[in-house]
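Counting from 335, one number per residue, gives the positions in the sequence shown under our numbering. For each residue, glycine too, the CB sits at the ideal point set by N, CA and C.
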Amino acid sequence: MGLFDKLKEAFKKPEDYKAPIDLMKEQEETAIQEPVVEEVEVIEPVEVEVKETEPVVEENTQEKYTKGLEKTRKTFSERMNELFANFRSVDEDFFEEVEEALIGADVGFETSMKITEELRQEVKLQNAKKPAVVQNLIIEKLVDLYEAEGIGENNAINLQENGLTVILFVGVNGVGKTTSIGKLANQYKLEGKKVLLAAADTFRAGAINQLVVWGERAGVEVVRGKEGGDPAAVVFDAVVRAKKEHADVLLVDTAGRLQNKVNLMNELEKIKRIIEREIPDAPHEVLLVLDATTGQNAMVQAKQFKETTDVTGLVLTKLDGTAKGGIVLAIRNELHLPVKLVGLGEKITDLQEFVPEDFVVGLFKELMQDESK
Ligand code: GDP
Ligand code: MG
335 MGLFDKLKEA FKKPEDYKAP IDLMKEQEET AIQEPVVEEV EVIEPVEVEV KETEPVVEEN
395 TQEKYTKGLE KTRKTFSERM NELFANFRSV DEDFFEEVEE ALIGADVGFE TSMKITEELR
455 QEVKLQNAKK PAVVQNLIIE KLVDLYEAEG IGENNAINLQ ENGLTVILFV GVNGVGKTTS
515 IGKLANQYKL EGKKVLLAAA DTFRAGAINQ LVVWGERAGV EVVRGKEGGD PAAVVFDAVV
575 RAKKEHADVL LVDTAGRLQN KVNLMNELEK IKRIIEREIP DAPHEVLLVL DATTGQNAMV
635 QAKQFKETTD VTGLVLTKLD GTAKGGIVLA IRNELHLPVK LVGLGEKITD LQEFVPEDFV
695 VGLFKELMQD ESK
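See below:
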């Protein structure tokens with residue numbers, strides 16, 4: 335079943351739409367995570383309040399996506415409503431408006447053009463006239479293109495079955511590297527893995543401590559050096575220790591100052607070389623973290639990093655805080671880098687593996703129209 339069919343399925347049965355079986359398994363994992371949230375309370379009083387006022391609701395992944403993508407979905411449906419409010423006929427003006435609406439939703443320029451072009455052909459082919467039919471066609475084109483661009487894409491983290499997995503996190507300041515590492519460390523720890531963190535952002539004041547705090551929340555050790563020290567030395571220490579202690583996962587935090595791009599890239603290369611020297615097939619992932627709220631700017635960053643570093647996947651953060659979730663379509667169509675993780679909130683449990691299906695349902699479910707009307 336294609337993605338669009340799954341979306342139709344979800345539309346038909348909004349009440350009892352159930353996530354696939356393997357997603358239910360994650361729900362169980364969420365249940366196990368509860369005690370750790372308690373730990374967070376000790377460190378951050380603010381979170382205690384949130385915890386106490388909000389009843390503990392078990393959410394499956396689909397629900398997390400639905401919630402995290404709320405802003406994008408709302409904005410997108412507003413645009414659709416505007417588009418169809420003045421709908422008279424499917425003429426050239428209409429197609430131009432569709433294109434504008436898509437570009438406005440950060441779907442990306444190329445992607446918007448492509449979708450509109452396909453829509454033109456499909457509308458002609460089907461002789462579609464009813465707004466509901468045309469609207470569903472727009473969504474179908476979006477979903478189809480999104481799916482087609484993702485064929486052969488591996489969204490899973492390349493975890494080594496035996497031995498150490500090293501994951502390097504890169505990206506400019508403020509995108510959510512440290513936070514994502516903390517969240518991921520917590521997940522892996524709960525899965526019973528031995529996790530180690532390396533505080534290789536020695537550049538920004540407070541960066542080491544921030545990682546240490548996340549380490550405490552997740553209950554994992556942090557290898558650290560001095561502020562202003564050599565990040566490669568910290569990484570070296572961390573790799574040696576991870577090997578010695580038979581750790582399963584080493585997550586490496588890095589600095590992200592972009593004011594000196596050449597230095598940043600040189601530093602990342604040096605870190606990678608050190609890791610490779612100790613473990614020939616590592617790093618197993620180089621994850622570029624992008625802040626979804628920055629929209630097209632995130633695309634520019636991705637292109638820059640891709641040119642100079644072997645990025646293996648993306649972490650797209652702050653999807654909950656933005657209407658620019660359409661950026662995922664642009665990323666697939668224009669960058670061909672798999673999104674591996676998404677940040678859907680600030681809580682320790684708000685990092686999810688990227689599930690294209692949940693993403694699409696979370697984005698478009700409420701936009702589907704009843705064509706019989
Ligand atoms: P870094 O400089 O790349 O390490 O970024 P940080 O990890 O320090 O994160 C910067 C800010 O983004 C922090 O205030 C985080 O709480 C926030 N943040 C990170 N991920 C998410 C997310 O998925 N959702 C929301 N709402 N905020 C996030
Ligand atoms: Mg950081």
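Check                                                                                                                                   : Outcome
Ligand 2 heavy atom lying under 6 angstroms from the CB of T683                                                                         : no
Contacts around D478, its chain only, beta-carbon distance under 7 angstroms, and the 5 residues preceding and following it disregarded : F338
Closer than 6 angstroms: V509 CB and nearest ligand 1 heavy atom                                                                        : yes
K398 Cβ short of 6 angstroms to ligand 1 heavy atom set                                                                                 : no
Ligand 2 heavy atom lying under 6 angstroms from the CB of A541                                                                         : yes
Any non-hydrogen atom of ligand 2 closer than 6 angstroms to T651 Cβ                                                                    : no
Helix, strand or coil at G655 according to DSSP, with G and I counted as helix                                                          : helix
Beta-bridge partners of D748, as assigned by DSSP                                                                                       : This structure cannot speak to residue 748, because the chain is shown only from 335 to 707.
Rounded separation between N488 and R422 - CA only                                                                                      : 43 angstroms
C-alpha distance - T536 paired with P672, whole-angstrom precision                                                                      : 28 angstroms
Cβ pair T512, L471 closer than 7 angstroms                                                                                              : no
Bridge partners - Q686, DSSP secondary structure assignment                                                                             : V676
Residues near E368 by beta carbon distance below 6 angstroms, same chain, minus five either side                                        : Here the model assigns E368 a pLDDT of 41, short of 50, so the residue's position is not dependable and the matter cannot be decided.
Near ligand 2: T536 beta-carbon under 6 angstroms from a heavy atom                                                                     : no
Span of the alpha helix (DSSP H), counted from its first residue to its last, around E426                                               : 426-438
Delimiting residues of the beta strand (DSSP E) encompassing V554                                                                       : Counting along the chain, V554 falls outside any beta strand (DSSP E), and DSSP gives it neither H nor E.
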